[in-house]
Amino acid sequence: MNLSSLLYPATVRAHVPIDSKKALFPYVGDLAARSLGLDSGEVAEALLERERLGSTGFGRGIALPHAKLSDLAGVRGLFLQLARPIDFQAVDGLPVDLLFVLLSPLDAGADHLKALAGVSRMLRNEAVAERLRGAKNDEALYALLADTETRDAA
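Going from the sequence shown to this note's numbering is simple: count from 1 and add 2.
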């Protein structure tokens, strides 16, 4: 999984003070607008629409919200470590504190699925998840994500 093609330092945030799932998507929309030049409302609505189909919380405090957008040149990611876990209606019922948000172009097809699978595989690794939870700031969190990519490639 080549995270450097999905994430940038500006799309990784540690200790995000979100207290509900309802507040999450507008926050992600604003972050995507600032860091990726996307329309914040469109991002928030697309993620919320996908979430209405079923929770993207896949267990052990981790969620992988994702959506397809018309004004996107390639698959992009945003990573959030929440200050406190929030209810996410995850499959195991546990609250979520780590979120990898995946945004893809409408025609991404296989690239979207490949990115979802790779990110999911990485985050299911318990040691990786614990290191991400322990990051103290945005820079450390990004460095951990980039280091995980390098180690997994070796």
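Glycine included, each C-beta is placed from N, C-alpha and C at the ideal position.
> Which of the three DSSP states, helix, strand or coil, is assigned to F27?
Replying inline: For the purposes of this step, residue 27 is taken as residue 25 along the sequence shown, with counting starting at 1. Helix at F27.
> Using 8 Å as the threshold, is the segment 30-37 in touch with the segment 53-60, meaning 3 or more CB pairs across them?
Replying inline: Fewer than three Cβ pairs drawn from the segment 30-37 and the segment 53-60 lie within less than 8 Å of each other, which leaves the two stretches out of contact.
> I think L5 touches A148, with their Cβ atoms under 8 Å apart; what is that distance to the nearest whole Å?
Replying inline: Position 3 of the sequence shown, counting from 1, holds the residue named residue 5. Position 146 of the sequence shown, counting from 1, holds the residue named residue 148. The distance from the Cβ of L5 to that of A148 is about 7 Å, consistent with a contact at the 8 Å cut-off.
> What does a CB cutoff of less than 8 Å around N139 pick up in its chain, not counting 5 residues either side in sequence?
Replying inline: Against the sequence shown, residue 139 aligns to sequence position 137. Shown here for N139: same chain residues with a beta carbon closer than 8 Å to its own, the five before and five after excluded, namely A16, H17 in chain order.
> What does DSSP give as the partner residues of K70 in its beta bridges?
Replying inline: Numbered from 1 along the sequence shown, position 68 holds the residue referred to as residue 70. DSSP output for K70 lists S106 as bridge partner(s).
> What does a CB cutoff of less than 7 Å around R133 pick up in its chain, not counting 5 residues either side in sequence?
Replying inline: Here residue 133 is taken as the residue at index 131 of the sequence shown, counted from 1. If we look at R133 and ignore the five residues flanking it on each side, its Cβ neighbours are L146.
> What whole-angstrom Cβ distance do V130 and L104 have, given they're in contact under 8 Å?
Replying inline: Start at 1 with the first residue of the sequence shown, and residue 130 comes out as number 128. Start at 1 with the first residue of the sequence shown, and residue 104 comes out as number 102. Separation of the CB atoms of V130 and L104 is rounded to 17 Å, and the pair is thereby denied contact status at 8 Å.
> Which word fits V93, buried or exposed, when buried means at least 16 other C-beta atoms lie within 10 angstroms of its C-beta?
Replying inline: Start at 1 with the first residue of the sequence shown, and residue 93 comes out as number 91. V93 should be labelled exposed.
> What's the call for T152, buried or exposed, on a 16-neighbour Cβ count within 10 Å?
Replying inline: Locating residue 152 in the sequence shown gives position 150, where the first residue counts as 1. Confidence at T152 is low in this model, with a pLDDT of 42, below 50, so the placement of that residue is unreliable and no value is reported for it.
> Smallest Cα separation from G111: which of G76, D99, L100?
Replying inline: By one-based count along the sequence shown, residue 111 stands at place 109. Proximity to G111 across G76, D99, L100 peaks at G76, based on C-alpha coordinates.
> Excluding sequence positions up to five away, which residues of its chain have a Cβ less than 6 Å from the Cβ of T13?
Replying inline: Along the sequence shown, read from residue 1 onward, the residue named residue 13 stands at position 11. The residues S37, L80, in chain order, have a CB closer than 6 Å to that of T13 in the same chain once the five nearest residues on each side in sequence are set aside.
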